[in-house]
Amino acid sequence: MAKKVLLSATNIYKSYSQGIGELQILKGINMQIHEGEAVGIVGTSGSGKSTLLQILGTLDRPQSGDLIYEDKNLLSMPDQELSLFRNETMGFVFQFHHLMTELTALENVMLPCRIGGLSHDESREQAVDLLNLLGLAERMAHYPTQLSGGELQRVAIARALVRRPKILFADEPTGNLDSTNSGKIQDIFFLLKEKFNLSLVVVTHDLSFAQRFPRVLRLKDGQWFS
Amino acid sequence: MKFKLKDLKVSQLELWLAWKMLFSRRALFGGSAPLALGGLILGVACLFVSMAVMSGFESTLRQAMADVTGHVRVVKTTRTPDPWLELEEKIRVAEPSLVSTTRFTSIEAIFASQGVISGVLIQGVDQDRYQQVLNLNSRLIEGKIQLAPAQGNSKALALIGRGLAEKLKLKPGDSFRVVVPISNAINPGVFKRRIGEFQISGILDLGKYDWNERFIMTDLKSTQDLAEIGDKYMGLILRFADIEESRKAGFRLNYTLGRDYWIRDWRDSNENLFDAIKIERPTIFFVVFIIVMVAAFNVSSTLYVNVVQRYGDISLLKSLGVRSLDILKIFSLQGLLIGAVGIIFGSLLGLLLCWFFVWGQANLGLIQGSVYKIDGINVEIRFIDFMGICFSTLLICFVATLAPALRGARLSPVEGLKYG
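Quick note, the sequences are listed as chains G and R, same order. Under the working numbering, the first residue of the first sequence is numbered 1, with each subsequent residue one higher. Under the working numbering, the first residue of the second sequence is numbered 227, with each subsequent residue one higher.
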């Protein structure tokens, strides 16, 4: 049986003004992400991979096009509603971990739950479970400056998944890691995808990582390239 | 940015994030927040001390008036002696808040002792009533409060001001003489002298330099005898339940008692001074508040830097579901938190400076009575002043944070995620 389409992007255009002209980044992108599907997006620098990921993740808005999640048109949602939707439905992992340095690993992971309105105890319980799962039980009280690169990225993954999102977006998640840590992080992504039935959309330069995805999309000059 | 009123409610999370961003070790030791906070603390302390000293000066003066001259004085403008108990009853009926009265008479005299001559004012009051009207107990620094002569002692007792006692090296138990010029009833240009002798029962700190230098208080009978006026008296000193209400009572008595009486309340003899204080208080508040405003600009620039440094954090929070309005609240709260911490530590520093001011008066002679006409100024922290300082400081801090907070709120979620 064909899996349900979770997110559908149709005819997405995005450009940035550059001096007197406009720089076209995305030129009529269409794509669908199914429930529990893992999609790898590859392409050269400047091809529009990150911009596409940000638009799919509702962090940015396109000039034109539609973005439908199940039956909701995400681009017509007001900012407040979209923020709540993002908190409940989507998780993000970036190339740089972007952990808040004033907060411990545990507090960083609790953050999305607190933003979503969960109590301190509930948030803590969920964050502890996930950090234990990712082998960070001993590191919960540590601040980001006290963690290694691999640990930082695992904390960032825990933060992205603590709200049990339907879709996880990752933008070059192994870009700053050595090959050993990169391999571990890749394993974690696929392990968690299976465990939580996640839809996974990963932008990467790393071809060995991309090869692990059943579906790989290539982007060139803002268009799909086969 | 559209929002409803209920969206302005601050959540525990926003407060927690604002606190963490502002007072974490990184922010405290790596940022300019402590310097901005330091400026605000100094500004609040200045405001605190200014208001406390102004209020203290006003209170010191008012207390001295109430203690020494009473709340209201009713002075006869005619020479006809009135049965004073009837007059008191008339006043009591008109003003039920009247607590007590005492008759009084004042005469100018010349004090001569050990080669020093000084002009003095002798005030005689009813020895069995003055304690209910004047508050001399709190002003006693040596001896005891007593005007009635002890049995077998023919000398009248007197309380004198501190300055007079120091100038003439007098202490309780010592005697002194005064010369009173008495004008001739037929030929007012001709004076005869009368000499009165008093024994000092106590020395008072009357709160004002000129009072301390020339004030002598004794019983009414001694004063009447000295002035040869029989049982005549100048008027009544009144005490009311409330000093502020006593002014209104005084105004009403003007109409009740008519032209035969001249009414003066505690404020009348220093009206200009009290009026000046009334005008100076808001003026000084405004002038000193400029320091707080300058400090608020520091807070604003600190938050601007904070917002710029936290592009990544702001974008991340937005990606996690924090709304633009919440970002606005988080950074505005930081301004309010700086304001609140500034108020707490500024007030504590202000208290310390006030204590030093009081200590300095007692030990370093900061207030020269001969120059300032007042021997000492208390400090008084009024609730309304404190609330004014708190409210205005918080308001200016809030306004100062709006620009940087809006900048943070308007930041696109992707803006800060480009770089690590």
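Positions of the beta carbon are idealized from the N, C-alpha and C atoms, including for glycine. Being a predicted model, the structure only gives us computed values, none of them experimental.
Spatial neighbours of residue i in its chain, beta-carbon cut-off 8 angstroms, leaving aside the 5 residues before and after
{"i": "G:K72", "result": "F85"}
{"i": "R:I593", "result": "Q587, I600, D601, G602 and I603"}
{"i": "R:R388", "result": "I367, I429, L430, D431, L432, N438 and D601"}
{"i": "G:Q95", "result": "D171, E172, P173, G175 and N176"}
{"i": "G:Y16", "result": "E22, L23 and I25"}
{"i": "R:D468", "result": "S323"}
{"i": "G:D221", "result": "K27, S47 and G48"}
Reference residue i, options the options, closest by Cα
{"i": "R:D552", "options": "R:L562, R:I540, R:V294 and R:L574", "result": "R:I540"}
{"i": "R:E470", "options": "R:F249, R:R633 and R:R288", "result": "R:R288"}
{"i": "R:A338", "options": "R:L562, R:K393, R:W585 and R:R536", "result": "R:K393"}
{"i": "G:K14", "options": "G:Q63, G:G36, G:I41 and G:M31", "result": "G:Q63"}
{"i": "R:C272", "options": "R:G576, R:P260, R:Q372 and R:R365", "result": "R:G576"}
{"i": "G:R124", "options": "G:Q211, G:T104 and G:Y143", "result": "G:T104"}
{"i": "R:N496", "options": "R:K370, R:A290 and R:F424", "result": "R:A290"}
{"i": "R:F330", "options": "R:K458, R:L621 and R:L578", "result": "R:K458"}
{"i": "R:I348", "options": "R:V359, R:H297, R:K370 and R:P407", "result": "R:P407"}
{"i": "R:A522", "options": "R:Q425, R:I267 and R:R318", "result": "R:I267"}
{"i": "R:R318", "options": "R:L529, R:D352 and R:F466", "result": "R:F466"}
{"i": "R:Q340", "options": "R:V294, R:F441 and R:L396", "result": "R:L396"}
{"i": "R:F511", "options": "R:T619, R:I371, R:Q353 and R:W245", "result": "R:T619"}
{"i": "R:I516", "options": "R:S364, R:S276 and R:G461", "result": "R:S276"}
{"i": "R:V639", "options": "G:K220, G:R61, G:L192 and G:L191", "result": "Here residue 639 of chain R is Pro; the residue named in the question, Val, does not match the sequence. It is G:R61 whose Cα lies nearest to the Cα of R:P639."}
{"i": "G:L6", "options": "G:L23, G:L74, G:T51 and G:G40", "result": "G:L74"}
{"i": "R:L446", "options": "R:L543, R:G415, R:R485 and R:I333", "result": "R:I333"}
{"i": "R:K246", "options": "G:I68, G:N87 and G:Y143", "result": "G:Y143"}
Beta carbon of residue i nearer than 8 angstroms to that of residue j
{"i": "R:Y356", "j": "R:T327", "result": "no"}
{"i": "G:L111", "j": "G:A156", "result": "no"}
{"i": "R:D491", "j": "R:R473", "result": "yes"}
{"i": "G:N11", "j": "G:G48", "result": "no"}
{"i": "G:L106", "j": "G:L131", "result": "yes"}
{"i": "G:I33", "j": "G:S226", "result": "no"}
{"i": "R:L529", "j": "R:G561", "result": "yes"}
{"i": "G:E102", "j": "G:C113", "result": "no"}
{"i": "R:K236", "j": "R:L559", "result": "A small fix is needed here, since residue 236 of chain R is Val in this sequence, not Lys. Contact: yes."}
{"i": "G:S50", "j": "G:V203", "result": "yes"}
{"i": "R:V514", "j": "R:I622", "result": "no"}
{"i": "R:P630", "j": "R:F557", "result": "yes"}
{"i": "G:I41", "j": "G:A9", "result": "no"}
{"i": "R:S344", "j": "R:E606", "result": "no"}
{"i": "R:L479", "j": "R:I489", "result": "yes"}
Opposing strand residues paired with residue i [DSSP bridges]
{"i": "G:F213", "result": "For G:F213, which the question treats as bridged, DSSP gives no partner whatsoever."}
{"i": "G:K72", "result": "G:Y69"}
{"i": "R:A384", "result": "R:I426 and R:T444"}
{"i": "R:L347", "result": "R:E334 and R:F441"}
{"i": "G:G91", "result": "G:L168"}
{"i": "R:S618", "result": "DSSP lists no partner for R:S618."}
{"i": "R:S545", "result": "According to DSSP, R:S545 bridges with nothing at all."}
{"i": "G:A9", "result": "G:M31 and G:L67"}
{"i": "G:A38", "result": "G:L200"}
{"i": "R:V464", "result": "One detail in the question is off: residue 464 of chain R reads as Leu in this sequence, not Val. Answer by DSSP bridge pairing, in chain order: R:V298 and R:T327."}
{"i": "G:D218", "result": "According to the sequence shown, residue 218 of chain G is Arg rather than Asp. DSSP lists G:V42 as partners of G:R218."}
{"i": "R:R419", "result": "R:P407"}
{"i": "R:S401", "result": "R:Q425"}
{"i": "R:W488", "result": "R:V301"}
{"i": "R:E368", "result": "R:I429"}
Cutoff 7 angstroms; reference residue i; Cβ partners in own chain excluding five residues on either side
{"i": "G:L177", "result": "G149, G150, Q153 and I185"}
{"i": "R:E423", "result": "K381, S401 and R403"}
{"i": "R:P398", "result": "E368, G369, I426, S427, G428 and I429"}
{"i": "R:G461", "result": "R299, V300, V301, K302 and F330"}
{"i": "R:A335", "result": "V346, I348, V404, V405 and V406"}
Closer than 8 angstroms to chain B by CB, residue i
{"i": "G:S83", "result": "Of the protein chains in the structure, G and R, none is chain B."}
Residues near residue i by beta carbon distance below 6 angstroms, same chain, minus five either side
{"i": "R:S526", "result": "A626"}
{"i": "G:F169", "result": "L53, G57, F92 and V201"}
{"i": "R:L637", "result": "I540"}
{"i": "R:I463", "result": "G296, R299, T328, F330 and V359"}
{"i": "R:V294", "result": "L432"}
Near the ligand GDP: residue i beta-carbon under 7 angstroms from a heavy atom
{"i": "R:R318", "result": "In terms of ligand content, the structure shown is empty, and the ligand GDP therefore cannot be addressed."}
Residues of the stretch 541 to 552 of chain R whose Cβ lies closer than 9 angstroms to any Cβ of chain G, in chain order:
S541, L542, L543, K544, S545, L546, G547, V548, R549, S550, L551 and D552
Output needed in chain order: residues of the stretch 615 to 643 of chain R with a Cβ under 9 angstroms from some Cβ in chain G.
S638, P639, V640, G642 and L643
Against chain R: residues of the stretch 73 to 100 of chain G by CB proximity under 7 angstroms:
D79, Q80, S83, L84, R86, N87, F92, F94, F96, H98 and M100
Residues of the stretch 40 to 63 of chain G in Cβ contact with chain R at a cutoff of 9 angstroms, in chain order, please.
S50, T51, Q54, G57, T58, L59 and D60
Can you give me, in chain order, the residues of the stretch 97 to 125 of chain G that have a beta carbon less than 7 angstroms from any beta carbon in chain R?
H98, M100, T101, E102, L103, L111, P112, R114, I115 and G116
Check distances from the C-beta atoms of the stretch 268 to 300 of chain R to those of chain G and list, in chain order, the residues that come in under 7 angstroms.
none
Below 7 angstroms between beta carbons is the criterion; list the residues of the stretch 238 to 249 of chain R that meet it against any residue of chain G, in chain order.
L239, K246 and M247
Looking at chain G, which residues of the stretch 530 to 541 of chain R have a Cβ within less than 7 angstroms of any of its Cβ atoms?
G538 and D539
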